[in-house]
Amino acid sequence: MKSLEELRKLRKESLDRVDMRRSGNGTRIVVGMATCGISAGARSVMMALVEEAKKRNLQDVTITQTGCIGACRLEPMFEVYRQGEEKVTYVHMDAEKSRKVIADHVVNGNVVSEYTIGAYEK
Amino acid sequence: MELYRSHILVCAGTGCVSSASLEIEKRFQELIEQNDLSKEAKVVKTGCFGLCEAGPIVIVYPEGAFYSQIKVEDVDRIVAEHLVKGRIVTELLYKESHADGVIQSVNEVGFYKKQERVALRNCGVINPEVIEEYIAYDGYEALGKVLTEMTPEEVIQVVKDSGLRGRGGGGFPTGLKWEFTAKAESDQKYVACNADEGDPGAFMDRSVLEGDPHVIVEAMTIAGYAVGANKGYVYVRAEYPIAVQRLQIAIDQAKDMGLLGENIFGTGFNFDMEIRLGAGAFVCGEETALIKSIEGKRGMPIPRPPFPAVKGIFDKPTLLNNVETYANIPQIFLRGPEWFSSIGTEKSKGTKIFALAGKINNTGLLEIPMGTTLREAIYDVGGGIPKGKAFKAVQTGGPSGGCIPAEHIDTPIDYDNLIELGSMMGSGGMIVMDEDNCMVDIARFFLDFTVEESCGKCTPCRDGTKRMLEMLDKISEGKGTMEDLAKLETLAKTIKSASLCGLGQTAPNPVLSTLKYFKDEYEAHVNDKKCPAGTCQALLEYKVIDDKCKKCGICAPKCPVDCISGTKGKTVYHIDTEKCIKCNACLEACPFNAIVKG
Chain A
1 MKSLEELRKL RKESLDRVDM RRSGNGTRIV VGMATCGISA GARSVMMALV EEAKKRNLQD
61 VTITQTGCIG ACRLEPMFEV YRQGEEKVTY VHMDAEKSRK VIADHVVNGN VVSEYTIGAY
121 EK
Chain B
1001 MELYRSHILV CAGTGCVSSA SLEIEKRFQE LIEQNDLSKE AKVVKTGCFG LCEAGPIVIV
1061 YPEGAFYSQI KVEDVDRIVA EHLVKGRIVT ELLYKESHAD GVIQSVNEVG FYKKQERVAL
1121 RNCGVINPEV IEEYIAYDGY EALGKVLTEM TPEEVIQVVK DSGLRGRGGG GFPTGLKWEF
1181 TAKAESDQKY VACNADEGDP GAFMDRSVLE GDPHVIVEAM TIAGYAVGAN KGYVYVRAEY
1241 PIAVQRLQIA IDQAKDMGLL GENIFGTGFN FDMEIRLGAG AFVCGEETAL IKSIEGKRGM
1301 PIPRPPFPAV KGIFDKPTLL NNVETYANIP QIFLRGPEWF SSIGTEKSKG TKIFALAGKI
1361 NNTGLLEIPM GTTLREAIYD VGGGIPKGKA FKAVQTGGPS GGCIPAEHID TPIDYDNLIE
1421 LGSMMGSGGM IVMDEDNCMV DIARFFLDFT VEESCGKCTP CRDGTKRMLE MLDKISEGKG
1481 TMEDLAKLET LAKTIKSASL CGLGQTAPNP VLSTLKYFKD EYEAHVNDKK CPAGTCQALL
1541 EYKVIDDKCK KCGICAPKCP VDCISGTKGK TVYHIDTEKC IKCNACLEAC PFNAIVKG
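Below is the structure:
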């Protein structure tokens, strides 16, 4: 290690190795992964979310699964929780739409309304 | 960059490893591979989480689900239910963590709630064999700051301001020790770490070394800079193979990365370190004996002055501190000495790690702020005494400490309070005793240990402790007299004031403190030839309760000395107490609980 700057750079890169082991206040994405979800294809949605977050080097994003959210006919679904915002429920998702949600909602803060449950119900 | 959606932390401290945690880790890897989760879930081996009672421990993030007493067979369920389907397996959770149906994360559980983990902050959180994880949590930042922004005098001032005192047992102000060593003039100086941890039942230092070895590397380098030393020795007892292995890996990794060795951070400061193994001698935890051992000689203490800070290893000025003392150093530099001195009491700053053992529900390691009361430590964090038994005493400080009875249980823990009560902080061992423990037997047990470990150099310790042990043996066999008790006390006080080193000076403590607080138990042994707690075998009398005896005759043939008389089906059986050797065989054999001891 030639300098303190070098150490600090390594720290930044290493932080994502351990990031989630401390409780964070960032974004939480919860994917419905009960039988309904899995059979509708939630696993590829989950993978797409993880890959996209990885690609974009996102900090403080937790992607986790949950059981049946309730609206089984709308699976694959996931919900996005952010501090100070109301939760947003995305329905009928696929890998491509998930990547758009990461880009628009998680990174830029713009909810992708046409994918939400509100838009569907109309 | 790697991003996983789940981290599975498997404890790989010695306790859990001996309960197959490495097989558990392997099974997780296998199943994750099989279920195609390798890009999503990461398995991490960590150091000791502290709650050893609940081991083997597995913690799954991001939920913080605290799985306890896991067997290899359980891994299949955890992977299938929790990792694949997101359903936490409640039956495998640590019971307290889901008491009301709400699943708590590990940090909220009673055992951890009152703890403040400073020295143990990385244990159970990082993989100790991966330097990048240590760096991620601010590792080596303190060293960088110290080497590039501070002078040695400023470094010493920070340690002094923090109020840190030696955590090995002596409680000597650390900053002052660093200052003495810095002031000593010499062409060569050394920094050393006491990782001998000889107290039976103590494993604080072991957990730090197994779970966060880099903190020692970093802290010793900082110390070297402060006192003007460029070489460090870590003296680890050979009975800690995992700690030795992980520490060596840490040293090698730090060297590879230029965080140890020549020209660290390009500042021109050189520091190198190596491990020296102990060989099973308790006395080598004493600083001067330790130094002799590092030099390759028999570990025997020498009179002080001169202190190691002036004349230590190979007669050069040496800074010797305990593992836990070092473990606090980087944090003091990162968060500031004011932060450290804001924790604890006026004269005892910061936190202390205790190894809780004995008659307690939550055996394991706890790190609590100084000033926490014994009651809080034992009941709130420790979970109280099992089977609802009454608390009798707590022994602090290992074989050098004393027993503190129930009337003092609300004492805030700090160096001075414990000494005032006739005990000491020591390295942090805390052994809890209940109504079934005999205090005479406890004193005898600790003395047995110190007699074996005496190096033999000075008469008070070599001969004095042996004579004390003989007297205690006599008393627990019912052959003691009141005169013996008086002699025991005088002898103990003499040994305390006349011994050459800490081993002899503190060996009488268990005897003196039990004589002070539990005199009645000693007198019962001497005058009534009875052991009130029912432990001292020689004083127990086995007898048959006539009303309960069914004359079945099962007991008599079990007796190895043929001291039970009676006729099957006709007369009640009777034990001849003169011949009885108190082997317990008859009591265990009787199907009607008609034989009792007391």
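Chains as they are written, first to last, in the working numbering: chain A, 1 to 122; chain B, 1001 to 1598. Backbone N, C-alpha and C fix where the C-beta goes; we use that ideal spot for every residue, glycine too. Since this is a predicted model, take the numbers as computed values, not measurements.
Query: Contacts around B:P1386, its chain only, beta-carbon distance under 6 Å, and the 5 residues preceding and following it disregarded; Result: N1361
Query: Closest residue to B:D1434 among B:P1405, B:A1443, B:F1111, B:R1304 (Cα-Cα distance); Result: B:P1405
Query: Contact under 7 Å by Cβ, A:T64 with B:P1062; Result: yes
Query: Nearest residue (CA-CA) to B:I1419, options B:Q1034, B:G1171, B:T1090; Result: B:G1171
Query: 7 Å Cβ cutoff, B:I1088 in contact with chain A; Result: no
Query: Per-residue DSSP class, three states only, for B:I956; Result: Only positions 1001 to 1598 of chain B appear in this structure, which leaves residue 956 of chain B out of reach.
Query: Proximal residues of chain A, C-beta to C-beta of B:G1258 below 8 Å; Result: M1, K2
Query: B:M1482 burial status per 10 Å Cβ neighbour count (16 or more: buried); Result: exposed
Query: Min CB distance A:R99 to chain B below 7 Å; Result: no
Query: Nearest-angstrom beta carbon gap, B:A1238 and B:G1280 [assumed within contact, 8 Å]; Result: 7 Å
Query: Reduced DSSP category for A:T66 - H, G, I as helix; E, B as strand; rest coil; Result: strand
Query: Under 9 Å (Cβ pairs) to chain A, residues found in the region 1048 to 1064 of chain B; Result: I1059, Y1061, P1062, E1063, G1064
Query: Cutoff 8 Å; reference B:V1236; Cβ partners in own chain excluding five residues on either side; Result: A1195, D1196, L1209, A1243, V1244, L1247, I1275, R1276, L1277, G1278
Query: Buried versus exposed call for B:L1334 [16 or more other C-beta atoms within 10 Å across all chains shown]; Result: exposed
Query: Proximal residues to A:A95 (C-beta, below 7 Å), its chain only, five neighbours per side dropped; Result: S44, V45, A48
Query: Counted within 10 angstroms of its Cβ, other Cβ atoms place B:R1444 as buried (16 or more) or exposed; Result: buried
Query: Sheet register partners of B:Q1395 (DSSP bridge); Result: B:C1403, B:I1431
Query: B:M1471 - DSSP class collapsed to helix/strand/coil; Result: helix
Query: Those residues which DSSP pairs with A:F78 across a bridge; Result: A:V31, A:Y90
Query: Beta-bridge partners of B:V1614, as assigned by DSSP; Result: This structure cannot speak to residue 1614 of chain B, because chain B is shown only from 1001 to 1598.
Query: Extent of the continuous beta strand (DSSP E) run through B:P1369; Result: 1364 to 1369
Query: Residues near B:C941 by beta carbon distance below 6 Å, same chain, minus five either side; Result: No answer is possible for residue 941 of chain B: it lies beyond the span of chain B, which begins at 1001 and ends at 1598.
Query: Start-to-end residues for the alpha helix (DSSP H) that takes in B:N1272; Result: Looking at the sequence shown, residue 1272 of chain B is not Asn but Asp. Per DSSP, B:D1272 belongs to no alpha helix (DSSP H); it is in the beta strand (DSSP E), 1272 to 1277.
Query: Spatial neighbours of A:G41 in its chain, beta-carbon cut-off 6 Å, leaving aside the 5 residues before and after; Result: P76
Query: Chain A contact residues for B:I1135, given Cβ-Cβ distances below 8 Å; Result: L7, L10, R11, S14
Query: Residue-chain proximity (A:M33, chain B), Cβ-Cβ < 7 Å; Result: yes
Query: Beta-bridge pairing of B:K1231 - partner residues as DSSP gives them; Result: B:Y1190, B:D1272
Query: Cβ-Cβ distance between B:D1212 and B:N1122 below 7 Å; Result: yes
Query: Cα-Cα separation, B:D1199 to B:V1451; Result: 14 Å
Query: Beta-bridge pairing of B:G1358 - partner residues as DSSP gives them; Result: B:V1432
Query: Contact set between B:G1266 and chain A, taken where Cβ atoms lie within less than 8 Å; Result: K2, S3
Query: Contact between the region 1535 to 1543 of chain B and the region 1580 to 1591 of chain B (3+ Cβ pairs under 8 Å); Result: yes
Query: Distance CB(B:V1227)-CB(B:K1189) smaller than 7 Å; Result: yes
Query: Those residues which DSSP pairs with B:S1513 across a bridge; Result: Answer by DSSP bridge pairing: none, since B:S1513 is not bridged.
Query: Within chain B, partners of A:S64 - CB distance below 8 Å; Result: Per the sequence shown, residue 64 of chain A should be read as Thr rather than Ser. Per Cβ cutoff of 8 Å: R1005, S1006, P1062, E1063, G1086.
Query: DSSP three-state assignment for B:K1550, whether helix, strand or coil; Result: coil
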